[in-house]
Amino acid sequence: MPTKHKHAGKLISFEGPEGSGKSTQIALLAKHLQLLGREVLTTREPGGTEIGEQIRNIIVHNSRGDEMCAETELFLFAASRAQLVRQVIAPALISGTVVLTDRFLDSSTVYQGIARNLASDPVQQINHFAVGNIMPDLTVIVDVPTEVSLQRIRLRASDLPDRMERENAEFFAKVRTGYLLLAQSMPSRFHVVDGTRSADEVAHDVWTAVQKLIA
Ligand code: TMP
């Protein structure tokens, strides 16, 4: 396990199954923090840098995506993360910014390690190599039951489901359980919120956890 960063800023990651409402919560929290006068930066994985966005395209929209093996997927997510940490997150933390990221290393632990069933030791080693000492100060899991997640994917506006979204219900059930088990194993870093309620109610719960960190 990497030693924690000692920079002036804070890193808060948001995790959860697709359709859990992470992005809405990130936007609400960013607004709240800005109103309090905090410098805030929001980003996402995979992506967040030009190189990372190109990697995102390869992973989720590539026409040959169905041929991609789980190991390749793991390295591509890790590559996007390594770039994001060094180019965006670390400099922002050094300058005292609160960084909110839509997914971080726990997504690889859960999606590639648990749902795709890759061995956990190499997944952890690759994750830790990618982030260096930049671990989240807080990770918010926006939890929704698998049926809700699948329904929200189907209802999503115009887009056709991407390569990850085309996975079956069993895959998403493993993702959900994986996150909850991870949160149980590290209660000091994780905060689970019930994502089935209104956005404002969820935001209230998120703020309870963030307030302690930001004070
Ligand atoms: P998003 O659509 O929530 O931004 O995430 C893109 C997809 O990539 C989503 O299905 C989760 C998946 N993912 C992984 O499988 N492993 C990872 O390490 C990351 C960051 C995302």
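Each residue of the sequence shown is one higher than the last, beginning at 34 in our numbering. Think of the CB as a built atom: it goes at the ideal place given N, C-alpha and C, for glycine as much as any other residue.
Distance, residue j Cα to residue i Cα
| i | j | result |
| --- | --- | --- |
| residue 238 | residue 175 | 10 Å |
| residue 243 | residue 171 | 8 Å |
| residue 83 | residue 65 | 28 Å |
| residue 189 | residue 164 | 32 Å |
| residue 77 | residue 102 | 23 Å |
| residue 149 | residue 87 | 23 Å |
| residue 219 | residue 37 | 14 Å |
| residue 193 | residue 81 | 22 Å |
| residue 159 | residue 212 | 19 Å |
| residue 203 | residue 181 | 14 Å |
| residue 45 | residue 99 | 32 Å |
| residue 19 | residue 40 | There is no way to answer for residue 19, as the model of the chain reaches only from 34 to 248. |
| residue 196 | residue 162 | 26 Å |
| residue 222 | residue 216 | 8 Å |
| residue 184 | residue 241 | 28 Å |
| residue 70 | residue 201 | 43 Å |
| residue 229 | residue 54 | 9 Å |
Assumed close pair residue i, residue j - CB separation to whole angstroms, cut-off 8 Å
| i | j | result |
| --- | --- | --- |
| residue 131 | residue 72 | 7 Å |
| residue 145 | residue 151 | 5 Å |
| residue 153 | residue 110 | Not really, about 15 Å apart at Cβ, beyond 8 Å. |
| residue 133 | residue 62 | 6 Å |
| residue 125 | residue 74 | 5 Å |
| residue 116 | residue 85 | 5 Å |
| residue 52 | residue 177 | 7 Å |
| residue 225 | residue 143 | Wrong, their Cβ atoms sit about 13 Å apart, outside the cutoff. |
For residue i, the residue or residues it bridges with in DSSP
| i | result |
| --- | --- |
| residue 173 | 47 and 224 |
| residue 74 | 132 |
Where residue i falls, given that 16 or more other Cβ within 10 Å makes a residue buried
| i | result |
| --- | --- |
| residue 245 | exposed |
| residue 167 | buried |
| residue 250 | Look at the range of the chain in this structure, 34 to 248, and you will see that residue 250 is not part of it. |
| residue 232 | exposed |
| residue 97 | exposed |
| residue 227 | exposed |
| residue 205 | buried |
| residue 147 | buried |
| residue 90 | exposed |
| residue 48 | buried |
| residue 94 | exposed |
| residue 236 | buried |
| residue 169 | buried |
| residue 50 | buried |
| residue 114 | buried |
| residue 136 | buried |
| residue 79 | buried |
beta-carbon residue i near ligand 2 non-hydrogen atom, thresh 8 Å
| i | result |
| --- | --- |
| residue 66 | Because ligand 2 does not appear in the structure shown, any question about it cannot be addressed here, the ligands present being ligand 1. |
Exercise. Around ligand 1, which residues pass a check of Cβ closer than 5 Å to any of its heavy atoms?
Worked result: 78, 110, 136, 140, 141, 144 and 197
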